[in-house]
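Following: one structure in structure tokens, then a few remarks.
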Amino acid sequence: MGWMGAMQAQDYNQAKWAIGVRLPHLTEEQIESAFNQGEILRTHLMRPTWHFVSAEDIYWLLELTAKQIKSTTKSRNRDLGLTESDLQKSKEVFIKSLEGNRSLTREELSDQFNSAGINTYEQRLPHILMEAEIDGIICSGSIRAKKQTYALLAERVPVKKNLSKDEALSLLAKKYFTSHGPATLPDFVWWSGLPVAEARKALEMNKSTLISETINNETYWLVESVAQATSLSDSVYLLPAFDEYLISYKDRSSAITLKNHSKAISNNGIFRPIIVVNGQISGLWKRTIKKDSVLIELDHFRPHSKKEIGLIENAAKMFGHFSGRKVEVKIQQ
């Protein structure tokens, strides 16, 4: 987790597979155990949206990105009638309700707020929760009866000494270009949510350890090990919705054609589960979980060779190992 910096976790179950597909020796059960133990956290960071982040990185990442996030949430809070007094009072409710290593679901917290005279109608509740996450008051708790809970961050993860701003900028850029490269400065700006000047400074501090390639007048930055990587021949993955492979770049044209763009990414910003063959997005997939098995349905954008279909079916079996279920594969006609 720490190697990636952060991973978008819009959908909790899909995001677990985002880890599992990159670490195929792990099972869903093992990843959920790490989540329940607080080694992996799910909170609002950067752009801002839900992300998985390691316990080691949570404090300095919040410190680095909170100010920029707050500048984007002020107008929405105002529209919802959320005042600074409301937000301050809500923090007191969080502490009173959660202290002592308690964890509560969203619905349970809503009851606490309403009892304290803080209205949670319309979209007020998610914004109250997000503001508290950004301020480092709360984070994800353990899963209870298949429901997400919230806990106090300081009780979930011991408070760590924060990095200086320059140290944090440098480390975030290092993590991004190491795990996501080749990527451009605009890609990093998009992913991190940082102001352009700060993102540029972060990249500058890492240029001595990166190499660059200029393609179509765009400069891409990457680490030497990626530049020396072998061909993507026979590389096939079934990636989850909102996966970093697609969502973490401003320019996605190298991975998906314009013709297929709207099939993988809806007009309202939904990133669908994708089939990736030799670096190119060549279809969609969906899974239906049953008691002891999982049905994986494939929707191809183009005809695939017999060899490619075999590799795609093998990639589907990886999800079977991850979920602990027998896999049935169906190709949609």
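According to numbering that gives the first Met the number 0, the sequence shown holds residues 0 to 332 in order. Using N, Cα and C, we set each Cβ at its ideal position, and we do this for glycine too. Quantities reported herein were computed from a predicted structural model and do not represent experimental measurements.
Excluding the 5 residues preceding and the 5 following residue i in the sequence, name in chain order all residues of the same chain whose CB lies nearer than 6 Å to its CB.
{"i": "Arg-286", "result": "Val-293 and Ile-295"}
{"i": "Gln-111", "result": "Val-92 and Ser-96"}
{"i": "Ala-254", "result": "Ile-280"}
{"i": "Glu-130", "result": "Leu-86"}
{"i": "Lys-249", "result": "Pro-185, Asp-186 and Trp-189"}
{"i": "Met-204", "result": "Ser-169"}
{"i": "Val-225", "result": "Gly-180"}
{"i": "Ser-74", "result": "none"}
Between the beta-carbon of residue i and the beta-carbon of residue j, is there less than 8 Å?
{"i": "Asn-161", "j": "Glu-62", "result": "yes"}
{"i": "Thr-104", "j": "Gln-147", "result": "yes"}
{"i": "Leu-171", "j": "Ser-141", "result": "no"}
{"i": "Leu-283", "j": "Ile-273", "result": "yes"}
{"i": "Leu-44", "j": "Ala-14", "result": "no"}
{"i": "Phe-51", "j": "Met-0", "result": "yes"}
{"i": "Lys-159", "j": "Tyr-58", "result": "yes"}
{"i": "Leu-40", "j": "Ala-54", "result": "yes"}
{"i": "Gln-7", "j": "Ile-264", "result": "no"}
{"i": "Leu-168", "j": "Leu-184", "result": "no"}
{"i": "Thr-221", "j": "Ile-210", "result": "The sequence as given places Leu at residue 221; Thr does not occur at that position. Yes; because the gap between Cβ atoms is below 8 Å, this pair is in contact."}
{"i": "Gln-9", "j": "Thr-72", "result": "no"}
{"i": "Asn-277", "j": "Ser-304", "result": "no"}
{"i": "Thr-42", "j": "Ser-139", "result": "yes"}
Shorter than 8 Å from the beta carbon of residue i to some beta carbon of chain D?
{"i": "Glu-38", "result": "The structure shown has no chain D; it contains just one protein chain."}
Considering only C-alpha positions, which residue in the set the options is nearest to residue i?
{"i": "Gly-99", "options": "Ala-150, Gln-111 and Leu-60", "result": "Ala-150"}
{"i": "Arg-155", "options": "Leu-171, Gly-135 and Lys-173", "result": "Gly-135"}
{"i": "Pro-302", "options": "Ser-281, Leu-81 and Glu-121", "result": "Ser-281"}
{"i": "Tyr-236", "options": "Thr-71, Val-188, Ala-33 and Glu-307", "result": "Glu-307"}
{"i": "Thr-218", "options": "Ser-163, Phe-187 and Ile-246", "result": "Phe-187"}
{"i": "Ser-207", "options": "Gln-29, Gly-19, Val-326 and Phe-176", "result": "Phe-176"}
{"i": "Gly-116", "options": "Tyr-248, Ile-137, His-126 and Ser-84", "result": "Ser-84"}
{"i": "Asp-78", "options": "Ile-288, Thr-64, Glu-121 and Ile-94", "result": "Glu-121"}
{"i": "Gln-331", "options": "Leu-297, Lys-305, Ala-226 and Ser-70", "result": "Leu-297"}
{"i": "Trp-2", "options": "Thr-26, Lys-173 and Gly-19", "result": "Lys-173"}
{"i": "Asn-113", "options": "Ser-89, Lys-200, Ser-102 and Ala-198", "result": "Ser-89"}
{"i": "Gln-227", "options": "Glu-212, Asp-165 and Pro-239", "result": "Glu-212"}
{"i": "Ser-163", "options": "Gly-80, Phe-300, Asn-313 and Leu-60", "result": "Leu-60"}
{"i": "Phe-300", "options": "Asp-291, Ser-102, Lys-262 and Leu-152", "result": "Lys-262"}
{"i": "Glu-166", "options": "Glu-197, Ser-102 and Lys-145", "result": "Glu-197"}
{"i": "Ser-109", "options": "Asn-118, Lys-290 and Ser-102", "result": "Asn-118"}
How should residue i be labelled, buried or exposed, when 16 other C-beta atoms within 10 angstroms of its C-beta is the threshold for buried?
{"i": "Ile-269", "result": "exposed"}
{"i": "His-260", "result": "exposed"}
{"i": "Pro-125", "result": "exposed"}
{"i": "Ile-133", "result": "buried"}
{"i": "Trp-189", "result": "buried"}
{"i": "Val-195", "result": "exposed"}
{"i": "Ser-178", "result": "buried"}
{"i": "Arg-271", "result": "buried"}
{"i": "Asn-266", "result": "exposed"}
{"i": "Pro-181", "result": "buried"}
{"i": "Asn-76", "result": "buried"}
{"i": "Ile-127", "result": "buried"}
{"i": "Thr-82", "result": "exposed"}
{"i": "Gly-323", "result": "exposed"}
{"i": "Asp-242", "result": "buried"}
{"i": "Asp-56", "result": "buried"}
{"i": "Pro-157", "result": "exposed"}
{"i": "Gly-80", "result": "exposed"}
{"i": "Ile-288", "result": "exposed"}
{"i": "Arg-143", "result": "exposed"}
{"i": "Ser-70", "result": "exposed"}
{"i": "Ser-252", "result": "exposed"}
{"i": "Ser-232", "result": "exposed"}
Near residue i, which residues of its chain fall below 8 Å by C-beta distance, leaving aside the five closest residues on each side in sequence?
{"i": "Pro-23", "result": "Met-317, His-320 and Phe-321"}
{"i": "Ile-28", "result": "A small correction: the amino acid at residue 28 is Glu; Ile does not occupy that position in the sequence shown. Cβ within range, chain order: Gly-323."}
{"i": "Pro-239", "result": "Asp-10, Gln-13, Ala-14, Trp-16, Ala-17, Val-20 and Pro-272"}
{"i": "Glu-31", "result": "Lys-15 and Ile-142"}
{"i": "Ala-65", "result": "Ile-133, Asp-134 and Gly-135"}
In chain order, what residues of the same chain lie with their CB nearer than 7 Å to the CB of residue i, ignoring the 5 residues before and after it?
{"i": "Ala-315", "result": "Leu-237, Ile-295, Val-326 and Val-328"}
{"i": "Arg-199", "result": "Leu-184"}
Counting only runs that start and end within the stretch 212-236, where is the alpha helix (DSSP H) found for 4 or more residues in a row? 223-226
Any chance you could list the alpha helix (DSSP H) runs of at least 4 consecutive residues sitting entirely within the stretch 265-329, in chain order? 305-322
Which complete beta strand (DSSP E) runs does the stretch 103-163 hold, if anything under 3 residues is left out? 137-139 and 148-151
Which runs of the beta strand (DSSP E), 3 residues or longer, sit entirely within the stretch 68-107? none
Completely contained alpha helix (DSSP H) runs for the stretch 13-60, where each covers 4 or more residues: 27-35
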